[in-house]
Every structure is written in C-alpha cells, then in structure tokens.
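Asker: For the record, in the sequence shown the residue sitting at position 473 is 473 according to the numbering used here, with numbers rising by one throughout. For each residue, glycine too, the CB sits at the ideal point set by N, CA and C. The structure presented is a predicted model; accordingly, all values stated were derived computationally and were not measured.
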Amino acid sequence: MTIGAEKGSDVVVREQGAVVASGRATGGSVTLSWTTSTGAHSYAARATDKAGNTSRPAGFTAEADADPPRLSRATWTPGTREDTRTTVRFRTAAGASYQVLVDGGVVAEGTAESSAVKRWLDLGNGAHDVAVEAVDDVGNVARRSRRLDVRIPSLAVGAELVSKPTTHVQVVRVSATPNSRTGRVTMSGAAPKDFTLKGGKALVRVRLPDDTYGGMSVTVRDSQGRRGVGRVDAFEVDTTPPLLGLDTDSRAAAGGSVVATVRTEPGVEVRWTLTSADGVTAEAGTFTAKEKETTISRDVDAGTYRLEVVATDQYDRTVKRSAEASVATDPTPIWLIVLTGLGVAVGGILAVFLVPLLLKWLFGLVAPTVSTRRERRRLEAADLARREHQAEQVAVHDAWQGRASVVSDFLYGVTAGWDVGSLPGFVPHPGEIVRHMTVATVYESQGSGPADHVTTSEGALLVTGERLVLIGDGQQEWPLEDVRDLVHVSDDESVVHHTGDDERWTVLSYGEPELTRLHLDQLTAEIQGRGAEHLEARRAELAEPTSGEEPVDLSAWV
Numbered sequence: 001m002t003i004g005a006e007k008g009s010d011v012v013v014r015e016q017g018a019v020v021a022s023g024r025a026t027g028g029s030v031t032l033s034w035t036t037s038t039g040a041h042s043y044a045a046r047a048t049d050k051a052g053n054t055s056r057p058a059g060f061t062a063e064a065d066a067d068p069p070r071l072s073r074a075t076w077t078p079g080t081r082e083d084t085r086t087t088v089r090f091r092t093a094a095g096a097s098y099q100v101l102v103d104g105g106v107v108a109e110g111t112a113e114s115s116a117v118k119r120w121l122d123l124g125n126g127a128h129d130v131a132v133e134a135v136d137d138v139g140n141v142a143r144r145s146r147r148l149d150v151r152i153p154s155l156a157v158g159a160e161l162v163s164k165p166t167t168h169v170q171v172v173r174v175s176a177t178p179n180s181r182t183g184r185v186t187m188s189g190a191a192p193k194d195f196t197l198k199g200g201k202a203l204v205r206v207r208l209p210d211d212t213y214g215g216m217s218v219t220v221r222d223s224q225g226r227r228g229v230g231r232v233d234a235f236e237v238d239t240t241p242p243l244l245g246l247d248t249d250s251r252a253a254a255g256g257s258v259v260a261t262v263r264t265e266p267g268v269e270v271r272w273t274l275t276s277a278d279g280v281t282a283e284a285g286t287f288t289a290k291e292k293e294t295t296i297s298r299d300v301d302a303g304t305y306r307l308e309v310v311a312t313d314q315y316d317r318t319v320k321r322s323a324e325a326s327v328a329t330d331p332t333p334i335w336l337i338v339l340t341g342l343g344v345a346v347g348g349i350l351a352v353f354l355v356p357l358l359l360k361w362l363f364g365l366v367a368p369t370v371s372t373r374r375e376r377r378r379l380e381a382a383d384l385a386r387r388e389h390q391a392e393q394v395a396v397h398d399a400w401q402g403r404a405s406v407v408s409d410f411l412y413g414v415t416a417g418w419d420v421g422s423l424p425g426f427v428p429h430p431g432e433i434v435r436h437m438t439v440a441t442v443y444e445s446q447g448s449g450p451a452d453h454v455t456t457s458e459g460a461l462l463v464t465g466e467r468l469v470l471i472g473d474g475q476q477e478w479p480l481e482d483v484r485d486l487v488h489v490s491d492d493e494s495v496v497h498h499t500g501d502d503e504r505w506t507v508l509s510y511g512e513p514e515l516t517r518l519h520l521d522q523l524t525a526e527i528q529g530r531g532a533e534h535l536e537a538r539r540a541e542l543a544e545p546t547s548g549e550e551p552v553d554l555s556a557w558v
C-alpha cells in the first residue's frame, strides 16, 4: 500500500488493532507491503510526526488471493514405437498460464483455452523429471511432477508402393512416428534415395528400369536419433507391352498346311484367328504361352489366308501381329507312287498296252510338282524380304518404346491423376487432381529491380489442371489464370511469364525433363484453348510405328 505522510513521520498499518506493517515517511509517499490470508481484509493507517502528533486513521480494504490455481488429473504417458512423443494431460482453470518442464528446463508453455490441456513432448530414451506448473494472474503456482522412464528401442515404419508396375517412377508411401525427420530407401540395382518426412509422412519417388526387384528397405530416424526399418515386398517394373513375333512356314504352306511360330513371353494370353481371302474365319483358338515359342498348325484348303495373333499380358496391354500364307493343293502321297510301281512290276505283260496311258498319267503328276517348286521359290523370296523388313522395324520399335513409356506416364497423369496421399503442406481444391510431381528449384523475380533481386526455393513441384504448386519450406503456387505462357529455355528449365506483368518472371528447373515438359506443354495448350488437340497428338505417339503393316494400338496400355 502506498501512503502519503509528513516527512520523518512514522506510519503504522493495523488490522483489528494488530500492527501488520510500519515504516517512515519521506515527505512524499511510502510503500508498505505485508502478507496475509486469502479473503477480504479491512485496514487502518496512522501517521505520527516527530512531535508526537497522530493523524486520524485512514481506512481501506483489500482482497487477497493466496490460493494456487486448480491443477488436477495430471498424467504422463511415455511414447511408443508408433508415436514416440510423450503425452502430458492435466486440468486447470481456463485462462491460467502453464508451463511444462523436463529435467528443470521449460519445454512447453501456454494459456489453457479450456480446463483440459494436452501437450506432446519430444523426449529421448532414458529417465526424465517431468513437471507441470499452472500460474494464476497474481503469481500463485500449482505444481505436479513425476519421474518418467522412456524406453523405445526402435521405430515402427510403414512402407508401401502406391504406384502401378507399368510406370518407371515407383512411389513409396512412408509413415512413421510424427517426429520422424529423415529417411533412406535402399534396394539392389539402384542408388540409395534420401528423403525427409513431415508429420511422420513422406512420398518417395524412385525411377527404375524394367526389372524384377527383391524389395526395398526404408530406414527412418526421428528427432532423437532413434531408428526404424520398414520393408516393401518384391515387385516388378514392366513398362513395355508384351513381346510378340510371328513367322509362317512357307514349306508347310506349299504342302497344304498353315504352320506358324508365335514368339512371346511365358504367361501371356494369345488369341489367334485364321481368315480366308473372302473374310471367312477358317480356324481360331487361344492359349497361354508356356514357352518362348509356340507352334500353330492347321490343315486347310488351298488358298490365301491371313493369320492374326493378339497377345495380352497380365496388365491388359495388347500387341497384335499378322501374316499371310498361300496354301497350295496337297501333293500326291508317297504311298500312291509306291503302289503304282508295284503294279507295273506285277503287270509287266500288260505294260506294253498300258505304257501310253501310264506316261500320260505320270506327266500329270510331274506338272504340278514343277508348279509347286516355282511357288515355293516365290514364297521363300517373299519370306526373306519380310524378315529384312522385320529387322528394320526392330530398330524403329526400340526408339519408339522409350518415348511411349514417357507418353503413357503423361497420359495417365492427365486423365487419372496420381495419388499423393496426405502430402504435407498441400491441400487440393475440390475435384483437383495432381497430374505430375517432381523435384524442382524455382527462381522468381521480385519486381522490376536489379536482375539479381531473385528468390530461390526448392521442393516438390506439383502440376495440376488448375495451377503449379511448389511444396518446400512452405507452399508457393501459380494459378493458370495468372500465367500468360511457358517458354522452354533448355532441356530441364522453363520460364513462366505472368499475365499483365512484363517485369515478373519465374524460372522452373525440374527433374524428369521429358515427362515434365509434356505436362507444361499441356498447360500451355490448355491456356491457349488447344488442350484436347495436344492430348490427341500424344495419344497418336502410342501407335507403334510400322512400315506398311497394320499399326499396333497401345491405348489399352495407358
């Protein structure tokens, strides 16, 4: 209490006659303090000067609060392998300040928004002194404490492939304790891939060539250095349609049969149809390839036939091949020639009379044979030309196959979208799909200042049908309505020119250049109203190039 009194006078404060405080005035004011119990109190202050004159009593009342705030139901729960954070719960008065201490240091503090409070603590393994203190607005403190033992030998790590076997980019969804920080994916046949987690979640993209893999090992570490390992089972990457080769046997055709060799991979379903020149189906069948080569053989009438073979693999990708066969009339059976010779020997006497007739009959046999030889030579020449043509097609097919893999990834992203799960920092708009995601560095100008006035950001670049989004330390985005055009300046860099602002630009430096550029070109086409035309042009690239033969439609692959 601050009291004004004559300089040098003695000041005394009493409660019900008992002195609770005293002091000497300095001519201005004097401040006296004392302790008391909780509740309302009435006091009287008097001043006595050096001459012994005493003032009239000055009365006042005061309300004291010496009770600590309410603090109850305090519990401490050590973390587990699934969530290594220790949980602290307690109840206090709404509006009370609180702080949580570990081994004497404050690790968390705040103001209770309601009577129930819950906080998570990131504690390492070992014994810790954990305390909770609640403080009211006049400084009274309530405290609860406990000795807590944290023992977590390893982390629980979940890992699963969320991508299809038909794409080179395999995506692993990793989940671990929320305070996980870093991780590494290791596997035979590929370099290790390091990644970071946010909120215990991550999507890791690994580009792999076609092969069968024995699985992945995913190692994660939390903020306290604890380690856990998750496993991805064996899997296959197969981005190519089934191999299919088809050869017909010209010699068999000259003998009156269609014989064809089908070359494909074991396990592939094969459907074949043999059609005559007038379009009538002569034979048809199906089989599952057990070996690399399977023979189809059918006796048919003389004529020209078209054999069409369709192979379908386990991912419903289809390849079609066709070939023609000219089937000749069956030659005279050997047994008939032998029987004729015996007849001549036995009927020697009659031969004199039958020779003219016999010579005429033999000439009838020889003439078709000569014709058959000519037809055989013609078919063999045609077969040689066809084989040379097939060799040329192999070279064209190899170049096409690499491009088709990238285009199929592009079309899948545009039409179906990729499941990015709960990607930290990214909130999709209603109905928005993520077409593509890759690592990127973004350089962005900050107005019309000097050229070096640029910000740099790194993270994951997401391409959707509505915007470009960079997920790094935070989230940056560029809606399509703010983009005037996209210009490619190198294989892996593009410049975004913004609408209505010639001074502002954004440079995107990205991974997976060929695939990323396709998605950026699609956005440019959509901005210019040519989105459907660009998609149709990409779909056309999936038709396998041929030289005169019927093209193979791989739209089912997509």
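For the beta strand (DSSP E) holding Ala254, just list the boundary residues, first then last.
Answerer: It is not in any beta strand (DSSP E) - Ala254 instead sits in the alpha helix (DSSP H) that spans Ser250 to Ala254.
Asker: Between which two residues does the alpha helix (DSSP H) containing Pro192 stretch?
Answerer: Pro192 -> not in any alpha helix (DSSP H); beta strand (DSSP E) instead, spanning Ala190 to Thr196.
Asker: Please say whether Pro424 and Val319 have beta carbons closer to each other than 8 Å?
Answerer: No.
Asker: Output the boundary residues of the alpha helix (DSSP H) element that contains His429.
Answerer: Unbroken run through His429: none, as it is neither H nor E.
Asker: Suppose you measure from the CA of Gly200 to the CA of Ser154; what does that come to, to the nearest Å?
Answerer: About 15 Å.
Asker: Taking 8 Å as the cut-off, decide whether the C-beta atoms of Ala131 and Ala112 are in contact.
Answerer: Not in contact: Ala131 and Ala112 (Cβ atoms no closer than 8 Å).
Asker: Report the three-state DSSP secondary structure of Ile527 (helix, strand or coil).
Answerer: Helix.
Asker: Tell me which same chain residues have a C-beta within less than 6 Å of the C-beta of Gly459, skipping the five on either side of it?
Answerer: Once the five neighbours on either side are set aside, the close Cβ partners of Gly459 are Leu470, Ile471 and Gly472.
Asker: What residues match up with Val129 in a beta bridge as DSSP calls it?
Answerer: Rather than Val, the amino acid found at residue 129 in this sequence is Asp. DSSP lists Arg147 as partners of Asp129.
Asker: Start and end of the beta strand (DSSP E) containing Gly282?
Answerer: It should be pointed out that residue 282 corresponds to Ala in this sequence rather than to Gly. Start and end: Thr281 to Thr288.
Asker: Enumerate in chain order the residues of its own chain whose CB-to-CB distance from Thr455 is below 6 Å, with the five nearest sequence positions on each side excluded.
Answerer: Answer for Thr455: Glu444, listed in chain order.
Asker: Could you compute how far the alpha carbon of Arg298 sits from the alpha carbon of Ala540?
Answerer: Each residue's Cα considered, the two are about 36 Å apart.
Asker: Quick one: what does DSSP say Asp247 is sitting in, helix, strand or coil?
Answerer: Of the three classes helix, strand and coil, the one that applies to Asp247 here is strand, per DSSP.
Asker: If you run the structure through DSSP and keep just helix, strand and coil, what is Thr264?
Answerer: Three-state result, Thr264: strand.
Asker: Using the three-state DSSP reduction, which class does Val138 fall into: helix, strand or coil?
Answerer: Reduced to three states, the DSSP call for Val138 is coil.
Asker: Looking only at C-alpha atoms, which of His498, Tyr98, Ser163 and Thr86 sits nearest to Ile152?
Answerer: Out of His498, Tyr98, Ser163 and Thr86, Thr86 has the C-alpha closest to the C-alpha of Ile152.
Asker: Tell me the rounded alpha-carbon separation between Gln224 and Leu123.
Answerer: Each residue's Cα considered, the two are about 7 Å apart.
Asker: Tell me the rounded alpha-carbon separation between Glu133 and Leu101.
Answerer: Rounded to the nearest angstrom, the two C-alpha atoms are 8 Å apart.
Asker: Could you tell me whether the segment 1-20 touches the segment 41-55, using the rule of 3 or more Cβ pairs below 8 Å?
Answerer: The answer is yes - the segment 41-55 touches the segment 1-20, with three or more Cβ pairs under 8 Å.
Asker: Just list the residues that DSSP pairs Phe410 with in beta bridges.
Answerer: DSSP output for Phe410 lists no bridge partner at all.
Asker: Cβ of Pro172 within 8 Å of Cβ of Val206?
Answerer: Reading off the sequence, residue 172 comes out as Val, not Pro. In contact: Val172 and Val206 (Cβ atoms closer than 8 Å).
Asker: Got a sec, what are the start and stop residues for the beta strand (DSSP E) Glu63 sits in?
Answerer: Where Glu63 is concerned, the enclosing beta strand (DSSP E) stretches over Ala58 to Ala64.
Asker: Going by the beta-carbon positions, is the gap between Val442 and Gln401 smaller than 8 Å?
Answerer: Not in contact: Val442 and Gln401 (Cβ atoms no closer than 8 Å).
Asker: Quick one: using the 10 Å Cβ neighbour count with 16 as the cut-off for buried, is Ala451 buried or exposed?
Answerer: For Ala451, the predicted structure reports a pLDDT of 46, less than 50, and the residue's modelled location is therefore unreliable. The matter cannot be settled from this model.
Asker: Helix or strand or just coil, what does DSSP make of Ala419?
Answerer: A small correction: the amino acid at residue 419 is Asp; Ala does not occupy that position in the sequence shown. Three-state DSSP puts Asp419 in coil, outside helix and strand.
Asker: Using C-beta distances below 8 Å, list every residue in its chain close to Trp34, excluding the 5 sequence neighbours before and after it, in chain order.
Answerer: The answer, listed in chain order, is Val13, Val20 and Ala21.
Asker: Starting from Tyr213, follow the beta strand (DSSP E) in both directions and report where the run begins and ends.
Answerer: Start and end: Asp211 to Tyr213.
Asker: I'd like the span of the beta strand (DSSP E) that includes Tyr43, first residue to last.
Answerer: Run containing Tyr43: Gly39 to Thr48, per the beta strand (DSSP E) assignment.
Asker: Any idea if Arg317 is buried or exposed, counting beta-carbon neighbours within 10 angstroms, 16 or more meaning buried?
Answerer: The residue in question, Arg317, is buried, as its Cβ has 16 or more Cβ neighbours within 10 Å.
Asker: Does the beta carbon of Val102 come closer than 8 Å to any beta carbon on chain B?
Answerer: Protein chains in the displayed structure number just one, and chain B is not present.
Asker: With 16 other CB atoms within 10 Å as the buried threshold, where does Val106 fall?
Answerer: Its Cβ having fewer than 16 others within 10 Å, Val106 is exposed.
Asker: Along the chain, where does the beta strand (DSSP E) containing Trp478 start, and where does it finish?
Answerer: It spans Gln475 to Pro479 - the beta strand (DSSP E) in which Trp478 sits, taken as one unbroken run.
Asker: Can you tell which of Thr48, Val169 and Ser9 has the C-alpha that lies nearest to the C-alpha of Val406?
Answerer: Val406 has its Cα closest to that of Val169, out of Thr48, Val169 and Ser9.
Asker: For Thr2 versus Thr31, is the C-beta distance shorter than 8 Å?
Answerer: Contact: yes.
Asker: Could you tell me which residues DSSP puts in a beta bridge with Leu307?
Answerer: Looking at the DSSP assignment, Leu307 forms a beta bridge with Leu274 and Ala323.
Asker: According to the Cβ coordinates, are Ser217 and Thr186 closer than 8 Å?
Answerer: Taking 8 Å as the Cβ cut-off, Ser217 and Thr186 qualify as a contacting pair.
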